[in-house]
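Residue numbers (the numbering used here): 69 to 327.
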């Protein structure tokens, strides 16, 4: 993975009270041929040995902006099938029709920091549909709640508890630090920093081995992060985004919309 695979849209320091989500109607439209292609891609993905798919609801990114009071996301409904059928299978449609042709669900990824100073990631299972065997942050995608927009911090808390067993009692801090785009899938990703009160070994022992088979760790210092980014160790574009966003937040600090 190269730096060209990722694009940091905005970076900052957005704790509770500085993360804002609003709900709107979806602007996503597909013609009959495109919808048929989505259905075919979904059927093909589900036919792979060992793959189990569920067409769950997701939150689509319609727009975002950074203001004095924090990061604002405008969200609308989409689904996992639309994601697999557009971003996951036909991301190049955006070159001809613009980004609005894609489902664009908002992914969520956490830079989990252990009490002894390591960044903890998962190693994706061979059973997952996208990026099997690659290092990947713990997280998921934003899911709508009753009334529409979700609580952006609660969404990440839910994922951390499900995937790595980190509940509120062992998280001393959680905040968003970046919004990025995976240029392969053309998918937006909200990146968080999650500070745990547990050391690396204790966090690894809690791994839920469904989406991830193991953990991948990096010391949380500038030199080690640079070495990881330069390595050939297989990692998803989102992992690269998360490492870069963590480094930017840790050593550059100032909230801004990226150029």
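Heads up, the beta-carbon is just placed ideally off N, CA and C, and yes, glycines get one too.
query                                                                                                               : result
C-beta atoms of residue 184 and residue 291 nearer than 7 angstroms                                                 : no
CB-CB length for residue 201 against residue 192, believed under 8 angstroms                                        : 6 angstroms
Inter-stretch contact at 8 angstroms, needing at least 3 Cβ pairs: the segment 166-179 / the segment 274-284        : no
DSSP state of residue 142 mapped onto helix, strand, coil                                                           : strand
Segment limits, beta strand (DSSP E) that includes residue 305                                                      : Here residue 305 belongs to no beta strand (DSSP E); instead the alpha helix (DSSP H) covers 305-319.
Distance, residue 209 Cα to residue 69 Cα                                                                           : Here the model assigns residue 69 a pLDDT of 45, short of 50, so the residue's position is not dependable, and the following value carries that caveat. Taking the straight line from one Cα to the other gives about 22 angstroms.
Host beta strand (DSSP E) of residue 165 (start-end)                                                                : That residue, residue 165, is in no beta strand (DSSP E); its alpha helix (DSSP H) goes 161-165.
Residue 324 classed as buried or exposed, judged by whether at least 16 other C-beta atoms fall within 10 angstroms : The pLDDT assigned to residue 324 is 46, lower than 50, so where the model puts this residue is not dependable, and the model offers no usable value.
Residues near residue 319 by beta carbon distance below 7 angstroms, same chain, minus five either side             : 290
Cβ-based neighbour list, residue 265, same chain, cut-off 6 angstroms, excluding 5 preceding and 5 following        : 183, 238 and 240
Beta-bridge pairing of residue 127 - partner residues as DSSP gives them                                            : 145
Pick from 159, 235 and 229 that is closest to residue 106, judged by C-alpha positions                              : 159
Length of the line joining the Cα atoms of residue 189 and residue 309                                              : 13 angstroms
Cβ-Cβ distance between residue 170 and residue 146 below 7 angstroms                                                : no
Three or more C-beta pairs below 8 angstroms linking the segment 110-123 and the segment 75-84                      : no
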